[in-house]
Each structure stands twice: as C-alpha cells, then as structure tokens.
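This report concerns only the one structure given below.
Protein chains in written order, with our numbering: chain A, 1 to 146; chain B, 10001 to 11188.
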C-alpha cells in the first residue's frame, strides 16, 4: 500500500499530502520524519536525484524537482522500486502541469491540477496510472482510448 | 520540522495581486513571477480568524479573469463556499466554469476535507454542467466527500483544516440550510449510481469517473456494495471478452483505434479497477471468472488489476484459480502476452501469480501447464525492470510474503541453485538479446515475439542458462547502479538470498553449493523435481561439500563471492539506508565457516559514523537475531558482531534486544558452544570503564559522550549480571548434581593450586569466576556490586573448589587486601572506594556470613556423622530434626541470594541427602515447600511450586529464559519489549511511524531492565528496610529473618531484603489477588528468574501440597490457596516459529496459542488448540520459544 505522498517546499513546509491507511496519530510522526530527511539530504540535491530510506518494513523514496520535494512512502508490494514508479509518475505529471521544474509559486498556482493528477495516479493507496498521457486525458475527463 | 501544514498555501488563498505595501501576500498569477534565483519565501503564517478577516478586507477586488471589478475574489473558505453556491446556479455556464476551474476549485482543494455543505452545489454542477474540467473537479470532490464519510472523520488528504463552521454560518446567514454528511452521502451515491449505470457510449468517460467516485463510498454498507458489484458485473458481462484493441486504417493511411473496441476496453479497465477495490469474494466463481478474463484486457492497467485480484484470490482458493488460469493459459496464452505489457506492476503481479500456481499441487497432473507458469516466472528474471526481476528472484527464493516457511525458503535455494532456464523456442521472428535489448516498454523479453527492429540479425538460439547465473549477473549489475533505490532493492534481494541459503543449510544440510552444470538441458519442470530429489537426499543425511571454482566452470561459491564483493562495495554508498541494507545482506551472506573479520571491519567503520540513526542500528541488531535463529551455530560470530555495537554505539542500541541476543545465543549455541558464547558476552567486560572528565592542562576534557559512557556502563553491568546468572548453566556445573563430597584433598590445597585445579576441571566456570573477580575489583562501583552478587550466586550454585575459591576471594576482598594483591596496577577512576579499597566490605559481609554458615553447618554435620558412626548410634528423630532445621535454615538463607532448587539443593553437602530425605518421609514434609517460617513463606518460597518436586526439573537452563511468573516481571518481563521487537522484525512487520529522535533516545538509551533492576530494586530495598526498622548489617545471621533484615541494609542483600519485604507488604495487601499478579509485582532480584516451570504443577503434587497446607499456618495456607489456582492449565503463546527436529518435537508458528503441560530440561510439553499441518497436536518445544 502507498501509505503517503507528500509535497513540501525546500524549507520543509508541507504543501500537499495524501495519507492512506495510516492512523491520524502517526501522520505527524511521518511528516516529521520525512521533513527531517529533507533537511538532511535534499538541500544540495540535484533535480530528479532519487533518494531512498526505510523504517522497519516501510520504504521511503523521495526526490526534489525545482522547489518542490516529493516523498512517497509505501509498504508490501510498494517497495523502493515500485515507489520509484510512483514518484516518476508524480514528477512527470507535476512537470507537465507546471510545464517545467516547478517553483513553489508555480506549484501553488497549479495546485488544483496537481490534486487531480494525484487522484489519477494513486487511488485508495494503490498505484493507478503511471503514463502521463493517460493521466492528462483522465484529468480532462477524456476517454483513455479513442 | 514540519510547520503548520499548508502555511504556504495562504498564498493560494489570497491569490490576488497584493498592494505593494503588503509584503506578506505578494501578487500571484501572470502579473509578476519571482525569479527562480530568489529563494522561496518562508511562509509560516498561521491561519487565524483575525488574519482571515484582515485578508478579506485588505485584498483588492481585481481579478485576473476580467470579471467585474466589484466582485471580490474568494479568499476565505466562506467566500469559496459562497462562490461555489452562486456559480453552480449561474446562468452563464461558460463564465462560471472558468471561475470555478481557475479560482474556486483549486482553492477548495487546499482544505483537508470537503464540507458537506458544498455537496448540494457540487451535485447541481454534476447535473447541469457540461464542462469537462468542471465535472472532473466535481467527481474529485464528491469522491473525497464519500471517502471521508467512510473513515469516521479521518481525512485521507492533508491541507488546511476545513473551517466548516465558517461556511455554515455564512450560508445560514444567506438563508441556506445546514446539511450534514449523513444527509448528502445518500444523495451523492444515488446520483453517481445513476450515472455509472448509464450505458450511453458518448458519456462513457463520465460513467467511468462516476464509477470511480462511487467506489470511494463506504463499503460497510451492503447496499452500496451490492450496487457496486451489480454495476461492475454489468459492465464486465458486456465487455469482459473485449480482447485487444482493434485498429483500422484511417485517413491518409494513419491507423486509428476502433471506437467500439476502445469503448469496451475503457469500460473493462474501469470495471476491473473498481473490482480490485471491492472486498475479495473468493467463493464467487463469477468474481474469479471476470478477474481471469481481465488478464486479457486491452488496457495494461486493467490487466494489472486483474492479475492483482487473481493473485490474491490464488492465496485463498488455489484450486479454483489454478484451474481457471490454466484454462485461459492453454486457450490463448494470455499470460505470455502480459510479459509484453508496459506496466511494471502488472508483471510483478504476474510473477506472484506464476509462483503460486507453479507450486500448486492441484496442477501436478498437468505438468505442461505447471511448466508454463514456471517458464514465465523464470523469464521474468530477465525483465528489464529491476522491480519485476527482483520480484521474480524473491519468488524463486520462496520469499512471497511474510508467512512463508523455512521449508519454502530452503526449497527456494535448492531451486535457484539447480534449475536451468531453457529458453522457449523463438517463433519465426527474431528475438532480441535479453541483456542488451531490454526496451523500456518491456516488450523484449526472451522468447517473446518482439516488435523489434527489422534490421537486426536473427539471433541464434540461446543456450540454457543456470538460473543462479542469471540471477547473480542481474544482481551484480544492479549493485553497480547509481540509483539508490536500485541499490537498496538489490541488497535487499541479496539478503533474501542469504535467508534462503541459511534455511537450506538448516533444513537440508546444504553447506554451500555445487558446481553448476551448465551443459545440462533440463526443462524447468524437471528442474523443480531435480531440486526436490536432491533435497530428499540431503534430508537423509547427505551433506554437501563446498567446492570452489573448478577448471573453467563457475561454482556457486565463486559467484556468491563475487556477489558479496559487490555488496561490500555498496557500503561505500553515501546513503546510510543503503549501507544499512548492505550490512544486513552481508550478515545474511556470512558463512559460519568463513572468517568474519572483513564484516567486522565494515561494521566498525560504519559505527564510527555518528550519522547512523538509532533505528537503523537496532534493525541490524534484529538482523543478528534473525540470523541466529536461522543458523544457531553462528552464535559466537553473531555475539562477536553484537559486541561491536555494544562497545561502539552503546547509547544508540536497544539494550533489551542486545540482552535477548545474548540469552538466545547462549541457549542456542549448544553444549559445545556455551563456553564460547559466554566468552563472547563477557568480552564487554574487557572494555575500560567509562572515563569521567579528565583534567588536561587545567581544563576538563570530555573523553567520551556522557550518554554513551552511561549506556556502556549499563551494558557492562548487564554483562556481569548475565555472567553470574548463567555461568553455571554454561559450565554445566551445579552443586546439587554432584553425588560425592567435596574432595578433601582438593580442599587442602593452597589457593593457587586450588585455582589451577578448578581451571582444569571446568575452564568455563573458572574463567567466568576470574572475570567476575576482576570486575569486583576494577570495575566502577555499580559494576563491583553486581560482580560481588554474581560471585556469591556462583558460589552458592557451584560445588567445590569453586565455592571455597570465591569464599576466599570475597573474604580477602572484604578485608581490603585483594585489590593490591590481584591487580594493583589498575588506574583508579576517582571514586571513593572505601576503607577496603573496593567499597564492598559491608556488601560482602552478609554474603560471607551465608557461606560461613554453610561451612559451619557442613563441619558440624561431619562431626555428627563421625560421632554417630563411632558410637554406632542410629540417628534419632531429634537428631534428624536438628539436622533438618539446619538444612532448611541454610536453604532459606541461600534462597535469599539466588534461586536454587529446594528439593535438590543440599547446603550441608551430598551426604546429608539420605538423612534429610529420611526425616522428610517420616514427617511427610514436602521437599519443595520449605519449612513454615512465615518470612520465607511470604518471601521466597511462594515463588516455588511444589509441583515440580517429582519431575526432577527444578532449575532452569538459563534463568532468564525460564519465564517463571516472578521472572515475568523481572528480567524476562523487562525483555518483553525486546521479544516483541524481535518478533515483529522476524515477521517483517512494523509499519508504525518513526518516532522523533529525542523520544527514541528516551526509549532506547536508558535500559529499562537495568533501570528497574538497579534503581528500583536497590533504592526500594533500602527504603523498605528503613520502613521496617530492620537490624543493622552487623546483626547475626542466625535466622532467616535477621539475615534478611541485615541484608536489606546493604547492597549485598539489597535485592533480597527489598524483595522479601515488598513481598510481605504485597502479601498482606493483595492476599486475594492471583499468584501471578502478585509475582508480577515482585522485585527484579536475580533469583526470581530461576523458577522456570515451577508453576507447571501436576495435579497430584498440588493435591499433596494442599493437604499439607491444611496443617500449616495461615500464610502458608494462603500461598497454597494460590497454588490451587495453578492447577488450572497454563496457557502460552509461541514467540517464534519453531521447526520440529524430531518426532517428539512440535512445530510452532509464532503467535500460536498453546496449553503448557509441563517442562523438561528447558523444553515445554505443549498442546495446541488444533493440530498443525503435520497433524501433530502435542509435543515438545523449547521453553525459550514460548511466552506465558
């Protein structure tokens, strides 16, 4: 299950988050844990450099594009490599929506579209679509194949 | 740290171009964008009502969409809600849609939940709007509304807290009505259901979106569930056999997709996607049928969902799934086609499904089908995606989920090392090279008709390849990757490789490997059988030998060595998580027969890095546990590694886990390894004591991290205590097992010769005593106390000459001469060591008195014996009574210091046994019950259960592991967190949130065990002695009571004094509470752990005990009344999986409920509630594996 997808800016402010199957009381811990990873690793990270972490049987994969750090947390079938698929889908869609590596402002401007993309990529804790063209079509309510 | 979630989102809410004088809310939108070089502004603004109102009033009204200037742009939740309400009713749909899509919906998405008061507007838009963007947002919000209604207010999405009170208030003022979630959800479901049933082809995108949103509805409602099933099966009935997309030639020769087939494909995808989210209906053939049909879906994501459902179904109803998939597979080969699908997770689920089906017994009669599944699984090893390849490797290795058995894992290793992949005959088209031609779309796997370029030459048929060779190449290639997740994944797979190999070694008797027979051409089915046959040979006792690379042929050992080298290089990765995974992999790949220095060097190097999080270090410790469980013969190696953690990062590791490792390794190392195991534990003692501040040039310099120093000291204390408690077990030396008197000749030797004689008789015990002696002299004060207590424990439990050796040592120590005599040169750590030089005189005094009493008693007994022999007198009843009184008094005394089996322990020497038994028999005294001393009755003896007398099992192999009730609260009880952590780790669980570092330190650094053990016991003991107004330490230990009181004043007897007095208090106040609960409150004295199994009474013994109890005083009766309770069957729970090693033994699965019948030599005879897979319901299991 994909437990969490989190977007923060480089200073650690949470911009967007989606939790699945995590008790509310644990979310704060996860948030803190992820943001701490940001402060430790991402300040000097290159764009699209993918990082990995783990906690017990939970995997964390994260990256930074522009001013936005994106984290994916998963377990079971969503190990570090499956989470890379998730992350690739998310970053591709965010880049497409923002048309470039997003600044924080640009990301916020496109906030609604990003939410729709995320809704197509992750559905109830499971990866749904990874192809950005399919995601684009679905966010515009167009048929997948026509 | 995370600030207020969504603090920066204020920008979005206040997205109007702000006046220049308002720097907090800069303009947003196209007007002016910040340069990329400008660092992002810190937005830690808290959204307060005041701020919101100021925003409302201060933000100008201009919009970027050219809307009327008078109209305010929504900046607050109430504004957004109001705008949504207005725009949903607007006649100008086009303008309204623009506003909604650009202004309202994105801002509403910021909030953490969707307020039900928005639902009417959303439903109105759903009905009236034709704008696809608006509708998409509407479905998004409706789905969120439904999801939130099912989660009892738990919102899946984060963001700003939704101030629904604000919206409600404003809407009410405007004449709106308050709507609740319970009211709107049925309306939403009704509306979405109607749309999801709409079969109009042109509206099918909306139908799909509606179905998706509807699937978020709470499925706890049967109505919703049945509606969803109805819709999904309704769609699948029509389109499940859609097949592939049909293409047709369009204008200008361009191909286009046939609309009808596209429509069917889209609908099938949507239905399968919904089906996956619905609860699995494993008994429903229609469910299975549609899911299996979905494997042939034209949409790759649909295929993935179908495979996911089928793979999950296969774990529940293997037969039905096997037959259904086999039918499909034979008919059209759909599974082979999945290999070409551009969807990684689809292929992952394919690997899982093929693994499950390839092991299905139901397909034994259809080898061609089974081999097809196996072939596909093997082909997935060549998949271009690491995720798929690693999944296939895991499956081959028998790692499917956390529930696989050791047998599965062992079979996995056998399969990996023996199977050979015979590539399927390529069809007429040329096949791409597997290693080089792995295309992104995954359509270029072996044996798959490629869509590949035509300019390639037809490849020659590929030679069959040993599976292990393919796997090793792939892993080595992954280990050279620059991607951290790939590295992490690869080393995890190496770990799994090591686990399977360890299982094969443990179960099958494999040592390492054989030469791979590269020239054999064996089909996969035959390979599986081959593996099984070989496994059978191995079970019959054949043990394979290690063979290294031989003349041109590559051995498994050689390949493994190369792989391990790859993993070692991975430890250079800058990511600490990858390094941790690599170390775990190395621990699993470590052979018990190979030197461990290299691994130790790597770990030592890593531990020098202060950046390692404590959680990761403890994970590695847990890996050591798991490795020990898989390969007990590695106990010493693992202890050696654990020593690195104990010494280098004592402040970061979990002492519970470390101590549990010590215990399990000591028990598991077998008779031969006990000495080494004990030595490995006690190497901790060789560490220099924590150095306090040292003065260098007039300045204080901190030599070490104070926390680490304290933690190290605690570990040393633990090791000393452990040594004292377990030395006798490890050495196999117990005073009560000796049938002969102490050798007089030996006793006559002088000190040095006695030590030499002791060393030659039992080097393990002699070594332990020597170490304890050193600790009693040179350790810190806390360590010295424990060492003295450990020594007296060993003295009481050991026969001669060890007892006299310790007696002499303690005597010298008490007089303060030993320090100079023994070490002299040790540097002082600056503590005041008292007049004796060790500060232990007053602590040792009561210990010496106990030993004095024992020796005096023995002397007196020898005299009496001679007197009777010389006078040829029979022992009268009075003589026997005197003897028995002395025996009991001494027994009570020693019981205050450590556990000894009352029925067997003979403080007056083995020759007293006959006379003591004579007296007992004549007076029908229960050997285990002790005398009727109330202090003893309320103190120690109620730890003992009379039932154990007749069974001859009265002392535990390792006191800590015995788990008697008293022990539950002491060492074992304190180790319960450790046990739980190990179990959780073994099960692969643990998804709880990571704690903060600060809290982590609080949890792990102070040892719970030793806090309890030392702080509570020592301090409480002192307090209780004062409360009681006990006599001073110099009082004569003529009676048990006086000895007890005397001992409470000093550390030497602190345990027992505090223990006994607390017991008395508890006894008075909690007389009616259960024995168990009473024991749980007992102190952590070291003797308490030793009463393993005593509670497992046979009813016969209890009967006799109860009949005796009627003649005793009231406290005794109370205790016996407590023992009545113990007639009830004892229940326990399996802590770990256990594989039976013989007919008498019983397989266990962790967590299994057990009824414990009795204990024999560290084994419990247990009865399961229901027979296991092997049909056995009752048998022996190690005590260590059962918690009760």
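Don't be surprised by glycine CBs; every beta carbon is placed ideally from N, CA and C.
* To do: Could you check which residue in B:10901, B:10881, B:10913, B:10909 has the C-alpha nearest to that of residue 11231 of chain B?
  => Look at the range of chain B in this structure, 10001 to 11188, and you will see that residue 11231 of chain B is not part of it.
* Measure from the C-beta of residue 94 of chain A to each C-beta in chain B and report whether the shortest distance is under 9 Å. => On the first chain, residue 94 of chain A is found 94 positions in, with the first residue counted as 1. No, because no Cβ of chain B sits closer than 9 Å to the Cβ of residue 94 of chain A.
* To do: Quick one: give me the first and last residue of the alpha helix (DSSP H) that residue 10126 of chain B is part of.
  => Numbered from 1 along the second chain, position 126 holds the residue referred to as residue 10126 of chain B. Looking at the DSSP string, the run of the alpha helix (DSSP H) that includes residue 10126 of chain B is 10119-10128.
* **Contacting residues, own chain, Cβ-Cβ under 7 Å from residue 10122 of chain B (five flanking each side not counted)** => Here residue 10122 of chain B corresponds to residue number 122 of the second chain, with the count starting at 1. Excluding residues within five positions, the ones whose Cβ falls inside 7 Å are 10138, 10141, 10142.
* Contact under 9 Å by Cβ, residue 10887 of chain B with residue 10908 of chain B -> Within the second chain, numbered from 1, the residue matching residue 10887 of chain B stands at position 887. Within the second chain, numbered from 1, the residue matching residue 10908 of chain B stands at position 908. Cβ atoms of residue 10887 of chain B and residue 10908 of chain B: closer than 9 Å.
* Asked: Got a sec: which bits of the segment 10341-10357 of chain B sit with their beta carbon under 9 Å from any beta carbon on chain A, in order along the chain?
  -> 10342, 10343, 10344, 10345, 10348, 10349, 10352
* Run through DSSP, which three-state label would residue 10137 of chain B get? -> Translated into the one-based positions of the second chain, residue 10137 of chain B becomes position 137. Three-state DSSP puts residue 10137 of chain B in a helix.
* With a cut-off of 8 Å on the beta carbons, I'd call residue 14 of chain A and residue 27 of chain A a contact; round off their distance for me. => Sequence index remark: in the first chain, residue 14 of chain A carries index 14 (1-based). Sequence index remark: in the first chain, residue 27 of chain A carries index 27 (1-based). 10 Å between Cβ atoms; not a contact.
* To do: Could you check the C-alpha separation between residue 10675 of chain B and residue 10640 of chain B for me, to the nearest Å?
  => Taking the first residue of the second chain as position 1, residue 10675 of chain B is located at position 675. Taking the first residue of the second chain as position 1, residue 10640 of chain B is located at position 640. Straight-line Cα distance between these residues: approximately 13 Å.
* Are there 16 or more other CB atoms within 10 angstroms of the CB of residue 25 of chain A, so buried, or fewer, so exposed? -> Within the first chain, residue 25 of chain A is the residue found at index 25, counting from 1. Residue 25 of chain A should be labelled exposed.
* chain A contacts made by the segment 10262-10287 of chain B, where a contact means CB separation under 8 Å -> 10262, 10263, 10265, 10266, 10269, 10273, 10276, 10277
* To do: Kindly say whether residue 10111 of chain B, judged by its beta-carbon, lies nearer than 9 Å to any beta-carbon of chain A.
  => Indexing the second chain from 1 puts residue 10111 of chain B at position 111. No, residue 10111 of chain B does not count as interfacial toward chain A.
* Is DSSP giving residue 18 of chain A helix, strand or coil here? -> Your numbering for residue 18 of chain A matches position 18 in the first chain. Residue 18 of chain A: strand per DSSP, three-state reduction.
* C-beta contact flag for residue 10580 of chain B and residue 57 of chain A at 9 Å -> Counting from 1 along the second chain, the entry for residue 10580 of chain B is found at position 580. Counting from 1 along the first chain, the entry for residue 57 of chain A is found at position 57. Going by C-beta atoms, residue 10580 of chain B is not nearer than 9 Å to residue 57 of chain A.
* Asked: What is the residue span of the alpha helix (DSSP H) that residue 11167 of chain B lies within?
  -> Here residue 11167 of chain B refers to the residue found at position 1167 of the second chain. Not the alpha helix (DSSP H): residue 11167 of chain B falls in the beta strand (DSSP E), residues 11163-11168.
* Asked: With residue 10504 of chain B and residue 10414 of chain B assumed to form a contact (beta carbons below 8 Å), what rounded beta-carbon distance in angstroms separates them?
  -> Here residue 10504 of chain B refers to the residue found at position 504 of the second chain. Here residue 10414 of chain B refers to the residue found at position 414 of the second chain. Confirmed, Cβ separation roughly 6 Å.
* Contact with chain A by residue 10398 of chain B, beta-carbon distance below 9 Å -> On the second chain, residue 10398 of chain B is found 398 positions in, with the first residue counted as 1. No, because no Cβ of chain A sits closer than 9 Å to the Cβ of residue 10398 of chain B.
* Asked: Any idea what DSSP makes of residue 55 of chain A, helix, strand or coil?
  -> As a position in the first chain, residue 55 of chain A is number 55, starting the count at 1. Here residue 55 of chain A sits in strand by DSSP.
* As assigned by DSSP and simplified to three states, the class of residue 10090 of chain B -> As a position in the second chain, residue 10090 of chain B is number 90, starting the count at 1. Coil, per DSSP.
* Going by the beta-carbon positions, is the gap between residue 10779 of chain B and residue 10710 of chain B smaller than 9 Å? -> Numbered from 1 along the second chain, position 779 holds the residue referred to as residue 10779 of chain B. Numbered from 1 along the second chain, position 710 holds the residue referred to as residue 10710 of chain B. Cβ distance not < 9 Å, so residue 10779 of chain B and residue 10710 of chain B don't count as in contact.
* Does any CB atom of chain B fall closer than 9 Å to the CB of residue 64 of chain A? -> Residue 64 of chain A sits at position 64 when you count from the first residue of the first chain. So no, residue 64 of chain A is outside the interface.
* Measure the alpha-carbon distance for residue 10883 of chain B versus residue 10599 of chain B and round it to whole angstroms. => Position 883 of the second chain, counted from the first residue, corresponds to residue 10883 of chain B. Position 599 of the second chain, counted from the first residue, corresponds to residue 10599 of chain B. When rounded, the distance between both Cα atoms is 59 Å.
* Using 8 Å as the Cβ pair cut-off and three pairs as the minimum, do the segment 10782-10797 of chain B and the segment 10713-10722 of chain B touch? -> yes
* Asked: Nearest-angstrom Cα distance between residue 11099 of chain B and residue 11166 of chain B?
  -> Taking the second chain and counting its residues from 1, one reaches residue 11099 of chain B at position 1099. Taking the second chain and counting its residues from 1, one reaches residue 11166 of chain B at position 1166. Summary for residue 11099 of chain B: the model assigns pLDDT 34, below 50, so the residue's position carries little reliability, and this model does not support an answer.
* Closest by C-alpha distance to residue 10336 of chain B, when choosing among B:10303, B:10096, B:10556, B:10366 -> Your numbering for residue 10336 of chain B matches position 336 in the second chain. The residue with the shortest Cα to Cα distance from residue 10336 of chain B is B:10303.
* **For residue 10728 of chain B: DSSP bridge partner residues** => Numbered from 1 along the second chain, position 728 holds the residue referred to as residue 10728 of chain B. In the DSSP output, where bridge partners are listed per residue, residue 10728 of chain B has none listed.
* **Those runs of the alpha helix (DSSP H) which lie wholly inside the segment 117-146 of chain A and span at least 4 residues** => 132-139
* To do: Under the assumption that residue 10507 of chain B contacts residue 10410 of chain B (Cβ atoms under 8 Å), give the Cβ distance between them as a whole number of angstroms.
  => In the second chain, counting from the first residue as 1, residue 10507 of chain B sits at position 507. In the second chain, counting from the first residue as 1, residue 10410 of chain B sits at position 410. With a Cβ gap of about 4 Å, residue 10507 of chain B and residue 10410 of chain B count as contacting.
* Inspect the beta-carbon positions of residue 11184 of chain B and residue 10667 of chain B and report whether they are closer than 9 Å. => As a first step, residue 11184 of chain B is located in the second chain; it is residue number 1184 there, counting from the start. As a first step, residue 10667 of chain B is located in the second chain; it is residue number 667 there, counting from the start. Yes. Within cutoff.
* **Within chain A, partners of residue 10483 of chain B - CB distance below 7 Å** => By one-based count along the second chain, residue 10483 of chain B stands at place 483. Under the 7 Å cutoff, chain A gives 50.
* What does a CB cutoff of less than 6 Å around residue 10105 of chain B pick up in its chain, not counting 5 residues either side in sequence? -> In the second chain, the residue the question calls residue 10105 of chain B occupies position 105. For residue 10105 of chain B, where only same-chain residues beyond five positions count, the Cβ hits under 6 Å are 10137.
* Based on Cα-Cα distance, which residue from A:10, A:84, A:70 lies nearest to residue 10488 of chain B? -> For the purposes of this step, residue 10488 of chain B is taken as the residue at position 488 of the second chain. Of A:10, A:84, A:70, the residue nearest in Cα terms is A:84.
* With 7 Å as the C-beta to C-beta threshold (strictly closer), list the residues of the segment 10286-10308 of chain B near chain A in chain order. => 10299, 10301
* Asked: Would a check of beta-carbon distances place residue 11073 of chain B closer than 9 Å to chain A?
  -> For the purposes of this step, residue 11073 of chain B is taken as residue 1073 along the second chain, with counting starting at 1. Residue confidence is low: residue 11073 of chain B scores 37 on pLDDT, short of 50, so the model does not pin down where it sits. No coordinate-derived value is stated.
* Which value, in whole angstroms, describes the spacing of the CA atoms of residue 10656 of chain B and residue 10715 of chain B? -> Here residue 10656 of chain B corresponds to residue number 656 of the second chain, with the count starting at 1. Here residue 10715 of chain B corresponds to residue number 715 of the second chain, with the count starting at 1. The straight-line gap from Cα to Cα measures roughly 10 Å.
* **Collapsed DSSP secondary structure at residue 9986 of chain B in the structure displayed** => Shown here, chain B extends from 10001 to 11188; a query on residue 9986 of chain B therefore has no answer.
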